[in-house]
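Chemist: Note that the numbering used here has the sequence shown beginning at 591, numbered continuously upward. Where is the CB? At the ideal position from N, CA and C, for every residue including glycine.
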Amino acid sequence: GTPGEKGEKGDPGLVGPKGDTGETGVTGVEGPRGFPGIPGRKGEPGESAYVHRSAFSVGLESRVTVPNIPIRFTKIFYNLQNHYDGTTGKFHCNIPGLYYFSYHITVYLKDVKVSLYKKDKAMLFTYDQYQEKNVDQASGS
591 GTPGEKGEKG
601 DPGLVGPKGD
611 TGETGVTGVE
621 GPRGFPGIPG
631 RKGEPGESAY
641 VHRSAFSVGL
651 ESRVTVPNIP
661 IRFTKIFYNL
671 QNHYDGTTGK
681 FHCNIPGLYY
691 FSYHITVYLK
701 DVKVSLYKKD
711 KAMLFTYDQY
721 QEKNVDQASG
731 S
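Here it is, written out as structure tokens:
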């Protein structure tokens, strides 16, 4: 005979077995930037930005009378870290690093020979001859 009228929709069936994973689709366009996140924990303290330095500037107020010993400078212009010892005439390097030393000498009345020492070794010599009725300058670094 002829088909009858369509019946009412039935109850859903049981869930079937899970299928295989499909192929990866094409990457979509990047979305808008998100809102800022919440602030994180406070970090550990970092290294100090302070750079330790050592410096001194000294001069003489009278002639050097004793040869072959360290010059004890009597005029202290700068010695904030106290690394220059005025009683011995020696600079003690307490902060590791690269140092630059220079000196300037006014020559009058006698010839002059000056040596710059590192520990017990002469690193630099300056010699200047006195010119009668003349004042001369000598430098080293």
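1) Give a yes or no on contact between the stretch 636 to 647 and the stretch 606 to 620, applying the rule of three or more CB pairs nearer than 8 Å.
2) Assign Tyr-674 to buried or exposed, taking buried as 16 or more other Cβ atoms, counted over all protein chains shown, within 10 Å of its Cβ.
3) Would you list the residues sitting across from Tyr-674 in a DSSP beta bridge?
4) Should Val-704 and Tyr-720 be called a contact, given that it needs their Cβ atoms to be closer than 7 Å?
5) Could you tell me whether the stretch 675 to 686 touches the stretch 710 to 725, where touching means 3 or more Cβ pairs closer than 8 Å?
6) To the nearest angstrom, how far is the alpha carbon of His-694 from that of Asp-710?
7) One question on the structure: do Ser-561 and Ser-692 come within less than 7 Å of each other, judged by their Cβ atoms?
8) List, from N- to C-terminal side, the beta strand (DSSP E) runs of 3 residues or more that fit wholly inside the stretch 644 to 731.
Modeler: Answer, in terms of the structure:
1) Contact fails: fewer than three Cβ-Cβ distances are below 8 Å.
2) Tyr-674 should be labelled buried.
3) The beta-bridge partner set that DSSP reports for Tyr-674 consists of Phe-681.
4) In this structure, Val-704 keeps its C-beta atom at 7 Å or more from the C-beta atom of Tyr-720.
5) In the pairwise beta carbon analysis, the stretch 675 to 686 is classified as not touching the stretch 710 to 725: fewer than three pairs are separated by under 8 Å.
6) Going by the C-alpha atoms only, they are around 22 Å apart.
7) Here the chain comprises residues numbered 591 to 731, so residue 561 is not present and cannot be evaluated.
8) List check, beta strand (DSSP E) in window: 647 to 649, 665 to 668, 693 to 697, 702 to 708, 711 to 718 and 726 to 730.
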